[in-house]
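Down below is the structure, laid out as structure tokens.
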Amino acid sequence: MSPINPEDSLFIIWSSADPEVAHNLAFMYAHNSLARGWWDNVRLVIWGPSAKLASHNAEIQEKLTAMMHDGVEIWACRACADNYGVTPDLEALGISVIYVGEPVTAMIKSGWEKLTF
Numbered sequence: 002m003s004p005i006n007p008e009d010s011l012f013i014i015w016s017s018a019d020p021e022v023a024h025n026l027a028f029m030y031a032h033n034s035l036a037r038g039w040w041d042n043v044r045l046v047i048w049g050p051s052a053k054l055a056s057h058n059a060e061i062q063e064k065l066t067a068m069m070h071d072g073v074e075i076w077a078c079r080a081c082a083d084n085y086g087v088t089p090d091l092e093a094l095g096i097s098v099i100y101v102g103e104p105v106t107a108m109i110k111s112g113w114e115k116l117t118f
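The sequence shown begins at 2 in my numbering and counts up one residue at a time.
Printed below as a string of structure tokens:
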């Protein structure tokens, strides 16, 4: 596997508990931007209240699974998932549940583009 070029990489922080934000902003852009080649690498970070929504909403889970299948890398904040009691649910979906503060800082410092929803 070749190293990730930050200039061709995007990460999206999805923190909203509103399903409309997930469906009509965060997911739509994350999925399309990789599928259409707008970015070479796309990482969606589930952070805050979105962790609870992702663990309980079947439609959200289907879209997360489809994005992962198509190459979008998905992380969830372990501290948030633990606080909401949903870590096992997110891990069962195949989502990497990790402490994201340090890696997000590294992505910012290395030049990844970022969006927040």
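We put the beta carbon where it would ideally sit given N, CA and C, even for glycine.
Alpha-carbon spacing of residue 99 relative to residue 55, whole angstroms: Between residue 99 and residue 55, the C-alpha separation is close to 15 Å.
Helix, strand or coil at residue 118 according to DSSP, with G and I counted as helix: The answer is coil: DSSP assigns residue 118 none of H, G, I, E or B.
Local conformation of residue 101 per DSSP, three classes: Coil at residue 101, not helix or strand.
Own chain partners of residue 85 with C-beta closer than 6 Å, once the 5 adjacent residues on each side are dropped: Only 52 and 53 meet the Cβ criterion.
Best match in 37, 33 and 47 for proximity to residue 117 [C-alpha to C-alpha]: The candidate whose alpha carbon is nearest that of residue 117 is 47.
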